[in-house]
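Per my numbering, numbering through the sequence shown is continuous, rising by one, with the last residue being 394.
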Amino acid sequence: MLEFPKEFLWGASTSAYQVEGDNVSSDWWEWEKRVNLKYPSGKAARHYEFYAQDFDLAKELNHNCHRLSIEWSRIEPEEGRFSAKELEHYKQVILSLKARSLKPIVTLHHFTNPIWFAKAGGWRNKQAVQYFLRYVEKVVGALAGDVPFWVTINEPMVYTYFSYFLGTWPPQERSILRARQVTGNLVKAHIAAYHLIRDIYQKKNLEYPQISIAQNMQAFIPCLPSLKNKISAYFRHKFYNLEFIDKLIRKHSIDFIGMNYYSPSWVGKVNCANQPALRKNSMGWDIYPQGLYDLLMGLKKYNLPVFILENGICTDNDALRWDYIREHLESVNKALLGGVKILGYVYWSLLDNYEWDKGFAPRFGLVEVDYNTYKRTIRESARKFSEVCKTGRL
Ligand code: BGC
1 MLEFPKEFLW GASTSAYQVE GDNVSSDWWE WEKRVNLKYP SGKAARHYEF
51 YAQDFDLAKE LNHNCHRLSI EWSRIEPEEG RFSAKELEHY KQVILSLKAR
101 SLKPIVTLHH FTNPIWFAKA GGWRNKQAVQ YFLRYVEKVV GALAGDVPFW
151 VTINEPMVYT YFSYFLGTWP PQERSILRAR QVTGNLVKAH IAAYHLIRDI
201 YQKKNLEYPQ ISIAQNMQAF IPCLPSLKNK ISAYFRHKFY NLEFIDKLIR
251 KHSIDFIGMN YYSPSWVGKV NCANQPALRK NSMGWDIYPQ GLYDLLMGLK
301 KYNLPVFILE NGICTDNDAL RWDYIREHLE SVNKALLGGV KILGYVYWSL
351 LDNYEWDKGF APRFGLVEVD YNTYKRTIRE SARKFSEVCK TGRL
């Protein structure tokens, strides 16, 4: 039997655009319409209306924290016009988490932007950081005190990769130069937001919250153990997993390392006979729990607590979901024993949701959503996970 620390945080994550529905002022919404996307987000999981019932489920599943995001385009649907109604909505969302003793972990940017911001050049605009800070000030001003954990930006590397390098997500740009420019602005945005959030808490005489980003990390594995592959895996790890965080650490503007881990990435894959046949999720991503352990151990050198803010599987095989969770928790436990300070484990996702350009087919939820009736059904894997949340034992 494996034991987790008493104060360990257990929960699940969502993001506004993927669950709320009807985010009509968001650049993703505009893009879905403009390119006639096969799978538009529509009502998503209607979490905007049903959040209280959804949090009842999280509570029933013995979670003690919950990660969600604020949709910027709701708060500021037009440049400079802030919606008091939407700020109040999120205030109620946070309060309803607190009422259920679920610690809120709040993300300020999870891939989507207001349409006006995107039209003004999005994250390439020189003003982008200033725009973001104005929004952050409003949100944090309204919610400070009730939020112990802030995540400024979700997966900056994933966002720039799909939106500015591969060009499959809005604004569909394909340029290394622009991707670098956007990454640079995201670094600046985080650092400035970090200090702004702390200033707001200080002015209100509140205890400082814990602030970070959610960094997507992949386990880069050489397919054949050649020197070339090993060097390449090393540099990819350094560049993709660590560079962004290194920059924040250098500026003393990160309190813990928020990490999202799903799968490995094979290096030197062409004609690779060595690649083991691993189990896969329904989008074809390999399952490799050892990767989580290796990454966690690699983060030990920073001497900062780590918070696993996403880890999960889309599958129609719920037994495999539980295997995935159990095996990744084994890795977390091993890393704890190896001396890594880990604050908690947050599964992606509480609910089945809108998986971006892949639509609604991938099922990541601990809770199943019927997209015809919006009925929620707790999956068996969620029940098994809830035992771990309750007892701190696996
Ligand atoms: C993102 C989520 C996404 C999940 C599964 C993460 O990279 O933060 O928005 O749904 O992965 O693809």
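Think of the CB as a built atom: it goes at the ideal place given N, C-alpha and C, for glycine as much as any other residue.
Cβ neighbours of residue i in the same chain (closer than 7 Å, five flanking residues each side left out)
{"i": "K390", "result": "N62"}
{"i": "L410", "result": "What the structure shows of the chain is the stretch from 1 to 394, and residue 410 is not part of that stretch, so it cannot be assessed."}
{"i": "T144", "result": "In the sequence on display, residue 144 carries Ala and not Thr. Taken in chain order, the residues that qualify are I200, Y201, K204 and L206."}
{"i": "E20", "result": "A44, H47, Y48 and E71"}
{"i": "G185", "result": "Rather than Gly, the amino acid found at residue 185 in this sequence is Asn. These residues qualify, in order along the chain: W123, A128 and V129."}
{"i": "K384", "result": "W322"}
{"i": "K6", "result": "G392"}
{"i": "K230", "result": "P222"}
{"i": "Y135", "result": "W72, I75 and E76"}
{"i": "N216", "result": "E155, M157, V158 and N260"}
{"i": "Y408", "result": "This structure leaves residue 408 out entirely; the chain is present only between 1 and 394."}
{"i": "T168", "result": "F162 and D357"}
Beta-carbon gap between residue i and residue j smaller than 8 Å
{"i": "L196", "j": "L108", "result": "no"}
{"i": "I325", "j": "S386", "result": "no"}
{"i": "K247", "j": "V182", "result": "no"}
{"i": "F149", "j": "G392", "result": "no"}
{"i": "P156", "j": "F239", "result": "no"}
{"i": "L102", "j": "H47", "result": "no"}
{"i": "D316", "j": "S282", "result": "yes"}
{"i": "E368", "j": "D357", "result": "no"}
{"i": "L296", "j": "S13", "result": "no"}
{"i": "S232", "j": "G268", "result": "yes"}
{"i": "Q275", "j": "C223", "result": "yes"}
{"i": "S175", "j": "Y164", "result": "yes"}
{"i": "Y371", "j": "F360", "result": "yes"}
{"i": "A214", "j": "L309", "result": "yes"}
{"i": "I75", "j": "V147", "result": "no"}
{"i": "L2", "j": "N333", "result": "yes"}
{"i": "I191", "j": "K251", "result": "yes"}
{"i": "S265", "j": "A219", "result": "yes"}
{"i": "K91", "j": "A142", "result": "yes"}
{"i": "G11", "j": "G284", "result": "no"}
{"i": "E32", "j": "S25", "result": "no"}
Cβ-heavy atom distance, residue i to the ligand BGC, below 7 Å
{"i": "S15", "result": "yes"}
{"i": "N281", "result": "no"}
{"i": "W348", "result": "yes"}
{"i": "V158", "result": "yes"}
{"i": "F364", "result": "yes"}
{"i": "Q218", "result": "no"}
{"i": "Q18", "result": "yes"}
{"i": "N260", "result": "yes"}
{"i": "N413", "result": "Residue 413 lies beyond the residue range present for the chain, which begins at 1 and ends at 394; the question has no answer from this structure."}
{"i": "E7", "result": "no"}
{"i": "E310", "result": "yes"}
{"i": "E355", "result": "yes"}
Cβ-based neighbour list, residue i, same chain, cut-off 6 Å, excluding 5 preceding and 5 following
{"i": "D27", "result": "N113, I115, A118 and P170"}
{"i": "N211", "result": "In the sequence as displayed, the identity of residue 211 is Ile instead of Asn. Closer than 6 Å at Cβ, skipping near neighbours: W150, Y194, I197 and D255."}
{"i": "G365", "result": "S349, L351 and D352"}
{"i": "E355", "result": "P362"}
{"i": "H110", "result": "S15, S69 and N154"}
{"i": "L394", "result": "L2, L329 and V388"}
{"i": "S331", "result": "P289, L292 and Y293"}
{"i": "Y302", "result": "none"}
{"i": "E30", "result": "I115"}
{"i": "V140", "result": "I197 and I200"}
CB-CB length for residue i against residue j, believed under 8 Å
{"i": "P289", "j": "E327", "result": "4 Å"}
{"i": "T152", "j": "A179", "result": "Not confirmed; about 19 Å, so no contact."}
{"i": "Y51", "j": "S96", "result": "7 Å"}
{"i": "L337", "j": "V388", "result": "About 16 Å separates the two Cβ atoms, so there is no contact after all."}
{"i": "L87", "j": "K126", "result": "That belief does not hold up - the Cβ atoms of L87 and K126 are roughly 27 Å apart, past 8 Å."}
{"i": "D286", "j": "S253", "result": "Not really, about 34 Å apart at Cβ, beyond 8 Å."}
Same chain, Cβ closer than 8 Å to residue i, five either side skipped, listed in chain order
{"i": "K228", "result": "G268"}
{"i": "R100", "result": "F55, D56, A58 and K59"}
{"i": "K98", "result": "P104 and D146"}
Every unbroken beta strand (DSSP E) inside the region 223-309 [3 residues or more]: Within the region 223-309, complete beta strand (DSSP E) segments of at least 3 residues are found at 257-267, given in chain order.
Completely contained beta strand (DSSP E) runs for the region 168-214, where each covers 3 or more residues: For secondary structure counted as the beta strand (DSSP E) over 3 or more consecutive residues, the region 168-214 holds no complete run.
4-residue-minimum alpha helix (DSSP H) runs that sit fully inside the region 89-152, ordered along the chain: Taken in chain order, the unbroken stretches of alpha helix (DSSP H) that lie wholly in the region 89-152 and span 4 residues or more are 115-119 and 128-143.
Length at least 3, wholly inside the region 330-370: the beta strand (DSSP E) runs in chain order: Entirely contained in the region 330-370, the beta strand (DSSP E) runs reaching 3 residues are, in chain order, 342-348 and 367-369.
Entirely enclosed alpha helix (DSSP H) segments - the region 12-80, minimum 4 residues: Positions of the alpha helix (DSSP H) runs, each at least 4 residues long and wholly inside the region 12-80, are given as 16-19, 27-34, 47-60 and 72-75 in order along the chain.
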